[in-house]
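In the working numbering, the protein residues as written are 15 to 314.
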């Protein structure tokens with residue numbers, strides 16, 4: 015154990031007032047937070063940890079959805095949940111979007127991570143974990159702020175032709191998005207999303223555990239929005255009263271770019287008049303079963 019970690023651990027153990035406080039307030043996250051600090055303190059304090067956490071989460075979630083995309087043409091139990099079941103995701107689509115994603119990470123994310131590692135000191139870790147209430151409220155507050163920021167950014171880049179063609183048009187080259195389209199974007203857009211995801215928890219003075227939870231959830235939701243599936247357990251089917259956009263509305267945005275600008279919730283689209291009634295995706299209803307089977311065989 016390093017000297018810094020030992021001093022931090024001794025400080026936390028000797029702080030009886032803090033221990034009494036979290037026990038009386040019923041902080042369920044404290045045992046897990048103690049374990050992480052005692053066993054992974056150097057990793058968690060590193061400026062590189064949020065970057066590694068974000069990248070790892072993204073590629074894990076994308077890998078899961080990509081496997082579903084590859085299985086869907088021959089697995090009806092998966093394909094029936096796709097928004098466009100007659101248009102399989104092909105290997106050229108996968109390689110193209112993956113290539114742009116890796117290019118952006120190498121050109122933008124990697125240098126920024128190296129700069130943080132060289133110039134930013136280790137992040138001080140508090141002894142106390144957040145209460146369960148403050149953890150979820152902090153994530154919710156970050157989502158509300160991020161949703162507002164991105165709605166305005168997104169709307170502006172669709173309303174100003176120069177901004178759209180210069181920065182955002184690349185993301186709209188796919189009219190039927192799938193998971194890897196999530197980060198199929200320009201470097202400016204990737205920087206903007208990453209900046210807000212990083213700065214919002216700081217502005218709201220969130221606990222670092224809350225910050226990491228928001229980062230993971232933000233990446234998962236963004237990928238789900240682009241995944242091209244409408245599962246019963248998707249967020250838009252779990253959150254009541256149509257308050258959540260989800261994959262169906264973001265898919266509609268790629269087909270009708272002047273609608274559904276918000277990344278998470280629906281209230282800004284309601285207030286801004288950019289929400290439209292959902293319409294079913296175009297499907298080849300007139301095709302015979304043999305014709306559909308021939309289409310699917312081309313992608314095996």
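Note that the Cβ used here is the ideal one computed from N, Cα and C, for glycine as well. These numbers come from a predicted model, not from an experiment.
- Under 8 Å Cβ to Cβ from residue 274, same chain only, skipping five residues before and after it: list those, please. Residue 274 sits at position 260 when you count from the first residue of the chain shown. So the qualifying residues of the chain are 259, 263, 264, 266, 267, 283, 288, 289 and 290.
- Task: Quick one: measure Cβ to Cβ for residue 61 and residue 130, integer angstroms, because I've assumed they're closer than 8 Å.
- Result: Mapped onto the chain shown, residue 61 falls at position 47. Mapped onto the chain shown, residue 130 falls at position 116. Between residue 130 and residue 61 the Cβ distance is about 4 Å, and since that is below 8 Å, they are a contact.
- Give the straight-line distance between the Cα atoms of residue 33 and residue 137, rounded to the nearest whole angstrom. Counted from its first residue, the chain shown places residue 33 at position 19. Counted from its first residue, the chain shown places residue 137 at position 123. Because residue 33 carries a pLDDT of 49, less than 50, the predicted location of this residue cannot be relied on, and no value is offered for it.
- Please list the segments of the alpha helix (DSSP H) lying wholly inside the stretch 126-161, counting only runs of 4 or more residues, in order along the chain. none
- Reference residue 203; option with closest CA among 96, 170 and 243: The count along the chain shown starts at 1 and reaches residue 203 at position 189. It is 170.
- Task: Mind checking which residues open and close the alpha helix (DSSP H) that includes residue 195?
- Result: Reading the chain shown from its first residue, position 181 is the one you call residue 195. Run containing residue 195: none; DSSP gives neither H nor E here.
- Query: Based on the DSSP output, what are the partners of residue 279 in its beta bridges?
  - Reply: Numbered from its first residue, the chain shown carries residue 279 at position 265. According to DSSP, which records beta bridges pairwise, residue 279 is partnered with 258.
- Task: Please report how far the alpha carbon of residue 205 lies from the alpha carbon of residue 105, in whole angstroms.
- Result: By 1-based counting over the chain shown, the position of residue 205 is 191. By 1-based counting over the chain shown, the position of residue 105 is 91. Those two C-alpha atoms are separated by around 27 Å.
- Does the stretch 237-248 touch the stretch 78-96, meaning 3 or more C-beta pairs lie closer than 8 Å? yes
- Message: Taking only three categories from DSSP, how would you classify residue 234?
- Response: For the purposes of this step, residue 234 is identified with residue 220 of the chain shown, where counting begins at 1. Reduced to three states, the DSSP call for residue 234 is helix.
- Separation of residue 69 from residue 227, as counted between CA atoms: Against the chain shown, residue 227 aligns to sequence position 213. Against the chain shown, residue 69 aligns to sequence position 55. Using only the alpha carbons, I get a separation of about 14 Å.
- Query: If we ignore side chains and look at the alpha-carbon of each, how far apart do residue 149 and residue 225 end up?
  - Reply: Mapped onto the chain shown, residue 149 falls at position 135. Mapped onto the chain shown, residue 225 falls at position 211. Distance between the alpha carbons of residue 149 and residue 225: 9 Å.
- List the whole-angstrom C-beta distance separating residue 189 from residue 96, where the pair is believed to meet the contact cut-off of C-beta under 8 Å. Your numbering for residue 189 matches position 175 in the chain shown. Your numbering for residue 96 matches position 82 in the chain shown. Their Cβ separation, rounded to whole angstroms, is 15 Å, which puts residue 189 and residue 96 out of contact at 8 Å.
- Just confirm the distance between the C-beta atoms of residue 249 and residue 233, as a whole number of angstroms; I'd bet it's less than 8 Å. Within the chain shown, numbered from 1, the residue matching residue 249 stands at position 235. Within the chain shown, numbered from 1, the residue matching residue 233 stands at position 219. With 8 Å as the limit, residue 249 and residue 233 do not qualify as a contact, their Cβ atoms being about 13 Å apart.
- Message: Given this structure, state the Cα-to-Cα distance separating residue 153 from residue 199, to the nearest angstrom.
- Response: Counted from its first residue, the chain shown places residue 153 at position 139. Counted from its first residue, the chain shown places residue 199 at position 185. The alpha-carbon of residue 153 is positioned some 25 Å away from that of residue 199.
- Query: Roughly how many angstroms separate the alpha carbons of residue 156 and residue 165, rounded to a whole number?
  - Reply: Numbered from its first residue, the chain shown carries residue 156 at position 142. Numbered from its first residue, the chain shown carries residue 165 at position 151. Each residue's CA atom was taken as its position, placing residue 156 and residue 165 some 14 Å apart.
- Distance, Cα to Cα, residue 51 vs residue 278? Here residue 51 corresponds to residue number 37 of the chain shown, with the count starting at 1. Here residue 278 corresponds to residue number 264 of the chain shown, with the count starting at 1. Their Cα atoms are separated by approximately 32 Å.
- Query: Does the Cβ of residue 58 have 16 or more other Cβ atoms within 10 Å, making it buried, or fewer, making it exposed?
  - Reply: Taking the first residue of the chain shown as position 1, residue 58 is located at position 44. Counting Cβ neighbours within 10 Å, residue 58 comes out buried, since at least 16 surround it.
- Query: residue 73: which of 193, 286 and 207 sits nearest, CA to CA?
  - Reply: The count along the chain shown starts at 1 and reaches residue 73 at position 59. Of the listed residues, the one whose Cα sits closest to residue 73 is 193.
- With a threshold of 16 other CB atoms inside 10 Å of the CB of residue 47, please say whether the residue is buried or exposed. Looking up residue 47 in the chain shown gives position 33. Classification of residue 47: buried, given that the 10 Å Cβ count is 16 or more.
- Query: In terms of residue numbering, what span does the alpha helix (DSSP H) encompassing residue 5 cover?
  - Reply: Since the first residue of the chain shown is 15 and the last is 314, residue 5 is not available in this structure.
- residue 239: buried (16+ other C-beta within 10 angstroms of its C-beta) or exposed? In the chain shown, counting from the first residue as 1, residue 239 sits at position 225. Its Cβ being crowded by 16 or more others within 10 Å, residue 239 is buried.
- For residue 65, I'd like the list of residues in its chain whose CB is within less than 6 Å of its CB, leaving aside the five on either flank, ordered along the chain. Locating residue 65 in the chain shown gives position 51, where the first residue counts as 1. Only residues of its own chain outside the window of five on either side were considered, and among them 127 have a CB closer than 6 Å to the CB of residue 65, listed in chain order.
- Item | Inter-residue spacing [alpha-carbon to alpha-carbon] between residue 45 and residue 140 | Position 31 of the chain shown, counted from the first residue, corresponds to residue 45. Position 126 of the chain shown, counted from the first residue, corresponds to residue 140. For residue 45 and residue 140, the distance between alpha carbons rounds to 14 Å.
- Task: Taking only the alpha-carbon atoms, compute the straight-line gap between residue 102 and residue 146 and give it to the nearest angstrom.
- Result: Along the chain shown, one-based indexing puts residue 102 at 88. Along the chain shown, one-based indexing puts residue 146 at 132. A straight line joining the alpha-carbon of residue 102 with that of residue 146 spans about 42 Å.
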